[in-house]
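Single-structure report; data block below.
In our numbering, the protein residues as written are 178 to 396.
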């Protein structure tokens, strides 16, 4: 038996969700802005979304010391690939379908930066050396020609309180001597409180502008 409440077209979707704030789509840029660059240069973690030729999806987490990705220019982003399980699901997908999406995260900061674009794989030894970590070059690099770059709303992180102190005993797994030693070998200096505060203030200003636009559109 089918779902009588299934949403099957855009008109039905808009009846449930409503219309976006006028001008909100203008936040999407075709280049990496100075603000997005600063965020990416401090981010230690991202999720890379890919799909194969049939549309089957993969979302792969990647992380290293803060600023582990390289911004070659305002339209080009490079993500290093480190030794792993060699299953290369996402890399195989890029060979079949180069369109990718990336979401960067910064601990303690509720907003994220998202990048969409066209990816290629390279084993350029000079580039891999520039992406070295812990004395070892990257295995290969994912170079993305940026088509869209924008900051994403903070609501998911604010609602989930993701960056708040864990409420259960599960946090012990992240503070064991073994993991603590591993972190000290693999991370660089953390983002400064001043930089985090500046990024948070910019995010707050964007949210204020969005709320003002919403109030204006409701008049």
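Beta carbons: idealized from backbone N, C-alpha and C, even for Gly.
Let's see if you can read the secondary structure: which residues bound the alpha helix (DSSP H) around residue 267? Within the chain shown, residue 267 is the residue found at index 90, counting from 1. Where residue 267 is concerned, the enclosing alpha helix (DSSP H) stretches over 266 to 273.
Rounded to whole angstroms, what is the Cα-Cα separation between residue 332 and residue 256? As a working note, residue 332 is residue 155 in the chain shown. As a working note, residue 256 is residue 79 in the chain shown. Near 27 Å, if we compare the C-alpha coordinates of residue 256 and residue 332.
Residues that residue 248 bridges to, as DSSP identifies them: Residue mapping note: residue 248 aligns to position 71 of the chain shown, counting from 1. For residue 248, the beta-bridge partners assigned by DSSP are 254.
What's the gap between the Cα of residue 238 and the Cα of residue 228? Here residue 238 corresponds to residue number 61 of the chain shown, with the count starting at 1. Here residue 228 corresponds to residue number 51 of the chain shown, with the count starting at 1. Spanning the alpha carbons of residue 238 and residue 228 requires a straight line of approximately 15 Å.
Does the beta-carbon distance from residue 260 to residue 316 come in below 7 Å? Taking the chain shown and counting its residues from 1, the one referred to as residue 260 is at position 83. Taking the chain shown and counting its residues from 1, the one referred to as residue 316 is at position 139. Yes, they are a contact pair.
Straight-line CA distance for residue 376 to residue 340? Along the chain shown, one-based indexing puts residue 376 at 199. Along the chain shown, one-based indexing puts residue 340 at 163. Going by the C-alpha atoms only, they are around 15 Å apart.
contact_flag[the region 214 to 231, the region 265 to 279] where n(CB pairs < 8 Å) is 3 or more: Yes: the two stretches touch, three or more of their Cβ pairs being nearer than 8 Å.
Thinking C-alpha only, which one of 240, 210, 187 is nearest residue 284? Residue mapping note: residue 284 aligns to position 107 of the chain shown, counting from 1. Among 240, 210, 187, the Cα nearest to that of residue 284 belongs to 240.
Close beta carbons around residue 220, own chain, < 6 Å, minus the five adjacent residues each side: The sequence position of residue 220 within the chain shown is 43, counting from 1. Within the same chain, and ignoring the five residues on either side of residue 220 in sequence, the residues whose Cβ sits closer than 6 Å to its Cβ are 281, 283.
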